[in-house]
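*Asks:* Before I ask anything, let me first share the structure, which is written out below as C-alpha cells.
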Amino acid sequence: LVSYLRTINNKSYRGFLELNRHIIISSISSSSLNWNDLDNLWAGRFLFEARNLYFTLDDKVNTERSQRKKDLRTFRQGVIEECGRAKRKLDIEKNKTISKFKDAIKKNARIFSNIDAKDIKLWKVEIPTIVMIS
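Numbering of the sequence shown is given in full-length UniProt numbering, commencing with residue 1 and proceeding in unit increments.
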C-alpha cells in the first residue's frame, strides 16, 4: 500500500484495488467479514496510509466510491468469483502417492489456472518417513 502511494502519480482507490487484487482475495478467503466491511477496511487503510504520507485523498476516495459504484461492484464480483475458485479443495486419500496428488491437480487444472503456485496452501499433509535400507 505504501509502495503504491509513493510510486503511482495518479493515485486512486480503484487503481490500488486492481493492482492488489491477489492480496484482497487472500483477505477475503481468510476472513469472516462481508464485502462491505472489507471495502470499508481497505478504504480506511488506504486513506490512513495516504494521510501518513501527507497525501489528502479523502475527497477523491469518497467521490470515487460514490460515483463508481458500478465499477467497484464489477470488481467486487470478480474478486468474489476468483476467491471462490481459489477455495476449491482436492481430496486425496491418506494412502495415495504424490503422483496421485499431481494427477488430481492436472485433472482440476482449470481451478488452478489463475492461481500462482506461491498462493497454493496445503493442509493436513503428512509426509511419510522413508527408511533407507542398505
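Backbone N, C-alpha and C define an ideal beta-carbon position, used for all residues, glycine too.
(1) Just the C-alpha distance for R76 and D58, rounded to the nearest angstrom, thanks.
(2) In chain order, what residues of the same chain lie with their CB nearer than 7 Å to the CB of R45, ignoring the 5 residues before and after it?
(3) Taking N20 as part of the alpha helix (DSSP H), name the residues at either end of that continuous run.
(4) For the alpha helix (DSSP H) that L1 lies in, which residues bound it at each end?
(5) Following the continuous alpha helix (DSSP H) through F48, name the residue where it begins and the one where it ends.
(6) Quick one: give me the first and last residue of the alpha helix (DSSP H) that N10 is part of.
(7) Please return the same chain residues whose Cβ sits closer than 7 Å to the Cβ of L21, not counting the five positions on each side in sequence.
(8) Excluding five sequence neighbours on each side, which residues of the same chain lie with their C-beta closer than 6 Å to the C-beta of N52?
(9) Can you list, in chain order, the residues of its chain with a C-beta nearer than 8 Å to that of I24? Leave out the 5 residues immediately preceding and following it.
(10) When you compare only the Cα positions, how much space is there between R8 and G15?
(11) Which residues in the same chain as N36 place their Cβ atom closer than 7 Å to its Cβ, once the five residues preceding and following it in sequence are excluded?
(12) Between E49 and the rest of its own chain, which residues show a CB-CB distance below 8 Å, the 5 nearest in sequence each way excluded?
*Replies:* Let me lay it out:
(1) Rounded to the nearest angstrom, the two C-alpha atoms are 21 Å apart.
(2) L1
(3) Counting along the chain, N20 sits inside no alpha helix (DSSP H), nor does DSSP assign it H or E at all.
(4) First-last for L1: undefined, no H or E at that position.
(5) Element bounds for F48: 35 to 52.
(6) That residue, N10, is in no alpha helix (DSSP H); it is neither H nor E in DSSP.
(7) For the sequence presented, residue 21 should be read as Arg rather than Leu. These residues qualify, in order along the chain: V79.
(8) Excluding sequence neighbours, N52 sits near nothing in its chain.
(9) L17, L38, W42, V79
(10) The residue asked about is misnamed: residue 8 is Ile in this sequence, not Arg. Each residue's alpha carbon lies about 9 Å from the other.
(11) Cβ neighbours of N36 within its own chain (closer than 7 Å, five residues either side excluded): none.
(12) Taken in chain order, the residues that qualify are L1, V2, L5.
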